[in-house]
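Numbered by this note's numbering, the letters in the sequence shown go through residues 375 to 757 in order.
Built from N, CA and C at the ideal position, the CB exists for glycine as well.
Here the structure is a predicted model, which is why all the values come from computation and not from measurement.
These notes concern the structure reproduced below.
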Amino acid sequence: MPAGSPVTLIDHQPAWAAEFEALAQTLRTALGTLALQVDHIGSTAVPGLCAKDVLDVQVTVAALSPELGERLQAAGFVWQATAQADHVPPGEDPAPEGWRKLLFKNPPGQRRAHIHLRVQGTPNQRYALLFRDFLRAQPAMAQAYGALKRRLATTLADPGSYAEVKDPAVDLIYLAARQARALNPATAPATLFASADLQARALRAHEVPALQALYAADPAYFQRVAGRPARADEAQRDFEENPPTHLGHRERWFLGVFDAAGQLQGVVDVVADLCAEGVWHIALVFLAQPLRGTGAAARLHAALESWARAAGARWLRLGVVRGNTSAERHWHKLGFREVRTRETENASGQPATIGVLVKPLAGGDLAQYLQLLPRDAPGSPLP
375 MPAGSPVTLI DHQPAWAAEF EALAQTLRTA LGTLALQVDH IGSTAVPGLC
425 AKDVLDVQVT VAALSPELGE RLQAAGFVWQ ATAQADHVPP GEDPAPEGWR
475 KLLFKNPPGQ RRAHIHLRVQ GTPNQRYALL FRDFLRAQPA MAQAYGALKR
525 RLATTLADPG SYAEVKDPAV DLIYLAARQA RALNPATAPA TLFASADLQA
575 RALRAHEVPA LQALYAADPA YFQRVAGRPA RADEAQRDFE ENPPTHLGHR
625 ERWFLGVFDA AGQLQGVVDV VADLCAEGVW HIALVFLAQP LRGTGAAARL
675 HAALESWARA AGARWLRLGV VRGNTSAERH WHKLGFREVR TRETENASGQ
725 PATIGVLVKP LAGGDLAQYL QLLPRDAPGS PLP
């Protein structure tokens, strides 16, 4: 920031989340498979936290190769040659390879954003995510940090030193988050993926009753997909259920979806490498009724895609009950396409038709997908 330029902070804007998603899609298009993960980071990614009206985006990559710069510059992004490393917090290994990055700004005239490219697994790549997730899970600390930012913005004699003076406070939050995770990993946030307003982590056994309460509050959902209300032990059954033994898979995650206050707002059930390497199956996505129609589901799904892609997913697969029109519209809007249907019975024994939908995450066409998973070919008799 040039010396003397005023620091303008504004209240958190709900539009920031959607603006990030649009920018993330542009970055994924420009970088293709070089972008292992695209995350909304910094203050604009923390609900309720004031910030400058500049998005911070982290693109996780395997290496800081010249091709990254070539692709981004071809897409109009502007390289910031003077910003080639992050500062090293106290107590961290100062080896330069852990703190290198590439920084780009959006093309002139477009929505202001800083694009940070960092290598997967390096300290500076983890720093950005841990800082964000900790503040999302600790609203009181986010509020205190926001108050500090506002005071600095209004009292510094040289506004150009704002970022430099603020860095130690950011380090304190990061170090507190790191220590909390190290001292108490069972209770510290263990987020697998997150949108601007929601984060997903493993649901724990003592949280199952809270999920059951969400189920019980939404009888219409279960009537649509199961033909009956939720059973008294519906959440426990979902928590314990695994894919059928004849369907090979590598791992299954039953993830609670939590808001910034730590309240359970839904669940996501994901299975990796179902019947074929690179094919990930989304068995369930359930969000609390107040979140529907707000865009929260689409934002969460974008984060899920980034996480799955970084972990090796090349295709996403799911099933939708025919007649559940809101779900059908939702998944088609997110880029899923139907490859087959299968006839079955719902949980109440009534006939039901399931549409099997897929989406590529790393290029490819449906013919390639069906070579991986012939059971999903149109007309396949397999369930």
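Query, Result
"Would you report the Cα separation of A514 and L423, rounded to the nearest angstrom?", "10 Å"
"Whole angstroms are fine: how far does the CA of H488 sit from the CA of G406?", "19 Å"
"Would you decide whether D607 is buried or exposed? Buried here means 16 or more other CB atoms lie within 10 Å of its CB.", "exposed"
"Taking only heavy atoms of the ligand COA into account, decide whether any of them is closer than 7 Å to the Cβ of H623.", "Ligands displayed in this structure: none; no statement on the ligand COA is therefore possible."
"Have a look at G652, W654, R611 and flag the residue whose alpha-carbon is nearest the alpha-carbon of L585.", "R611"
"Since W689 is in the beta strand (DSSP E), which residue starts that stretch and which ends it?", "689-695"
"If we ignore side chains and look at the alpha-carbon of each, how far apart do A590 and L621 end up?", "30 Å"
"Please list the terminal residues of the continuous alpha helix (DSSP H) segment that includes E441.", "440-448"
"For G450 and D430, which I take to be in contact (beta-carbon distance under 8 Å), what is that distance rounded to the nearest angstrom?", "In fact, because the Cβ distance is near 19 Å, the residues do not count as touching under 8 Å."
"By the DSSP assignment, the alpha helix (DSSP H) with V582 in it spans what residues?", "582-590"
"What residue from G737, R716, T727 has the CA that sits closest to P758's CA?", "The chain is shown from 375 up to 757; residue 758 falls before or after that span and cannot be answered."
"Would you list, in sequence order, the uninterrupted beta strand (DSSP E) runs of no fewer than 3 residues that lie entirely inside the segment 659-728?", "689-695, 711-719"
"Tell me, to the nearest whole angstrom, how far the beta carbon of T456 is from that of K426; I am working on the premise that it is less than 8 Å.", "19 Å between Cβ atoms; not a contact."
"From Q432, W689, G667, Q387, pick the residue whose C-alpha is nearest to that of L503; which is it?", "Q432"
"Report buried or exposed for A568, applying the criterion of at least 16 other Cβ atoms within 10 angstroms of its Cβ.", "buried"
"Alpha carbon to alpha carbon, what distance is there between R666 and G601?", "21 Å"
"How would you call H580, buried or exposed, if buried means at least 16 neighbouring beta carbons within 10 angstroms?", "exposed"
"Among the candidates W681, A574, A676, whose CA atom is the shortest distance from the CA of V642?", "A574"
"Based on the DSSP secondary-structure assignment, which residues constitute the bridge partners of V732?", "R691, R711"
"Could you give the DSSP three-state label for T434: helix, strand or coil?", "strand"
"Please confirm whether L735 and R683 have their CB atoms less than 8 Å apart.", "yes"
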